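K.L.:
Below are the structure tokens for one structure; questions will follow.
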Amino acid sequence: MIATRRNFLGATLALAVDAWRPAAAASARVMLDPLQPGVYVARAVNAEATRANAGAVVPSLVHVTRAGVLVADPGPQAVWGRALLGAIRALTAQPVRWVVNTHAHPEHVLANAAFAGLRPRPLFLASAATAALMRQRCEDCLARLTAQLGRAALRGTEIVLPEPALQDGAWLHTGDTAWQVQVHAPAHSASDTVLYAPQLRLLCAGGLAYRDRVPEMQEASLQGWRQALRQLIALPADTVVATATGTPAQTLVPTLAYLDALTDGIGAALAAGRDASQAADAVAAKPFRHWRHFPTRHPLNLQRAWRQLEDAWMQGEPRA
Ligand SMILES: [Zn+2]
């Protein structure tokens with residue numbers, strides 16, 4: 322074993338495992354980067370899902386313990402999931418016992434399919450709201466992702482639904498590690514589950530944090546998301562695994578700064594009697610212009626934030 326954390330982090334990264342079918346090059350190779358002893362993150366593209374990246378945009382968290390393996394957000398499709406499983410197999414003979422779905426966005430959860438055939442079957446876990454949403458719309462999501470990424474990328478991907486077993490404030494025990502479950506609803510999506518391991522100073526935050534990339538807000542609650550981030554920033558943690566991996570200062574803090582900039586700019590514009598066509602000028606976006614997807618995603622976020630803040634303003638709610 323490697324003696325110190327520093328050595329461990331400095332060790333040559335990763336295990337590459339050739340997938341079952343080498344033809345699917347872009348999506349069939351999963352590298353697991355070590356974060357700390359027993360904790361790994363699948364190397365993923367820090368971008369929105371496209372045909373070119375085959376949806377491999379979620380850094381799945383893998384925690385190897387003496388009691389089995391935890392996988393949080395297994396990824397977008399079965400090919401990726403199988404390659405992830407192959408990479409786990411190269412690390413440990415421990416069975417995958419827990420597969421957590423943080424929220425009902427297809428690129429995070431559709432790789433459940435790759436783990437459903439394992440015996441013993443892992444527990445598939447989500448919040449009640451996420452499980453209900455997946456039951457409601459995974460079929461549409463699968464169709465949408467297939468249209469987006471192409472049929473080849475999604476081959477073999479079937480819908481595997483989680484149990485609605487994760488409750489806010491409960492603890493998930495994986496061997497010697499206890500993960501506190503937080504459910505933020507609504508935030509980035511209708512329900513976002515966070516796993517927090519105080520012993521590891523590690524946060525698994527699903528879709529709640531971005532790094533150098535404009536957040537996706539299509540189903541977001543601006544106020545709910547900001548509140549969730551404020552709570553997460555207050556926790557003692559060194560590492561956040563979400564849509565990208567980094568320190569809280571690289572992920573949680575800038576994501577909140579972006580959402581705050583939307584809130585403050587649009588709030589002031591509403592108070593000054595401006596209309597939605599002036600949203601872009603109202604928000605001080607300079608610090609975020611270099612972020613990925615700014616030209617396409619930021620205008621959509623302005624519209625959504627404007628609608629939400631206008632509704633709240635009409636109802637006389639103070640800006641939180
Ligand atoms: Zn999401």
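Its first residue numbered 322, the sequence shown is counted upward by one per residue in our numbering. Note that CB positions come from ideal geometry on N, CA and C, so glycine has one too. Remember, predicted model here, so these are calculated numbers, not experimental data.
1) Pairs of beta-carbons, one from the region 375-382 and one from the region 353-367, closer than 8 Å: are there three or more?
2) For my contact list, V502 and A491 are in at a C-beta cut-off of 8 Å; report their separation, rounded to the angstrom.
3) Excluding sequence positions up to five away, which residues of its chain have a Cβ less than 6 Å from the Cβ of Q629?
4) Within 10 angstroms of the Cβ of S510, are there 16 or more other Cβ atoms? Answer buried if so, exposed if not.
5) Put E369 into one of helix, strand or coil per three-state DSSP.
6) In this structure, how does DSSP classify W546 when only helix, strand and coil are distinguished?
7) Identify, in the order they occur along the chain, each residue of the same chain with its Cβ nearer than 6 Å to the Cβ of A370, setting aside the five sequence neighbours on each side.
8) Tell me, please, whether the CB atom of D602 is closer than 8 Å to any CB atom in chain C?
9) Less than 8 Å between the C-beta atoms of V362 and T498, yes or no?
10) According to DSSP, which residues form a beta bridge with A499?
11) Please give the ranges of any beta strand (DSSP E) in the region 554-634, keeping only runs that are unbroken, at least 3 residues long and fully inside the region.
12) Taking contact to mean at least 3 C-beta pairs separated by less than 8 Å, is the region 389-405 in contact with the region 421-435?
13) Pull the bridge partners of V531 from the DSSP assignment, please.
14) Opposite H384 in the DSSP bridges: which residues?
15) Is it buried or exposed, G637, if we count other Cβ atoms within 10 angstroms and call 16 or more buried?
16) Is the beta carbon of A549 sitting closer than 8 Å to the one on L524?
17) Quick test of your reading: L684 and R372, contact by CB under 8 Å. State the CB separation rounded to the nearest angstrom.
18) Classify P507 as helix, strand or coil using the three-state DSSP reduction.
19) Apart from the five residues just before and just after V351, which ones in its own chain have a Cβ nearer than 6 Å to its Cβ?
20) Contact between the region 584-593 and the region 607-622 is defined here as three or more beta-carbon pairs at a separation below 8 Å; is this criterion met?
21) Let me check understanding here. Comparing Cα to Cα, which of A506, T560 and L580 lies closest to P536?
P.N.:
So, to answer that:
1) yes
2) 5 Å
3) L543
4) buried
5) coil
6) helix
7) G376, V378 and E428
8) No chain C is present in this structure, which holds just one protein chain.
9) no
10) H494
11) 560-562
12) yes
13) Sequence inspection shows Tyr at residue 531; the Val mentioned does not correspond to that position. Y531 pairs with nothing; no bridge assigned.
14) V360 and L391
15) exposed
16) no
17) Nothing can be reported for residue 684: it is not among the residues displayed for the chain, which extend from 322 to 641.
18) coil
19) A363, A404, L405 and A408
20) no
21) L580
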